[in-house]
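Novice: Got a structure for you, questions after.
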Amino acid sequence: MKKRILLISFDFWLKDQHSNFSDDLLFEVTKLDMIPSDLSFLRQLSVDVQLARTPVMEKINAIQPD
């Protein structure tokens, strides 16, 4: 059985940012088909912890990652 893993990234922190390296990395990982795990993604979450908490908790409850 594959391990269920939840990967998250956050939105830009600064107004002049054009990229967030963690999100860029997750985008590249989505292109891979040789990962030996069941990956789920939450990308570009708000950097405000209170706003990010709800979607993260909903996803954790839905997929029950290892």
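The sequence shown begins at -9 in the working numbering and counts up one residue at a time. Heads up, the beta-carbon is just placed ideally off N, CA and C, and yes, glycines get one too.
1. How would you label N10, buried or exposed, when you count the other beta carbons within 10 angstroms and need 16 or more for buried?
2. With 9 angstroms set as the bound, which would you pick, yes or no: does the beta-carbon of L(-4) sit closer than that to a beta-carbon of chain C?
3. State the DSSP-derived secondary structure class of L4, mapped to helix, strand or coil.
4. Output the distance between the C-alpha atoms of Q54 and L15, rounded to the nearest integer angstrom.
Specialist: If we stick to the structure as given:
1. Translated into the one-based positions of the sequence shown, residue 10 becomes position 20. By the 10 Å Cβ count, N10 comes out buried.
2. Absent from the structure: chain C. Only one protein chain is present.
3. Working through the sequence shown from its first residue, we reach residue 4 at position 14. Note: L4 maps to coil in three-state DSSP.
4. By 1-based counting over the sequence shown, the position of residue 54 is 64. By 1-based counting over the sequence shown, the position of residue 15 is 25. In this model, Q54 and L15 are separated by some 23 angstroms (Cα to Cα).
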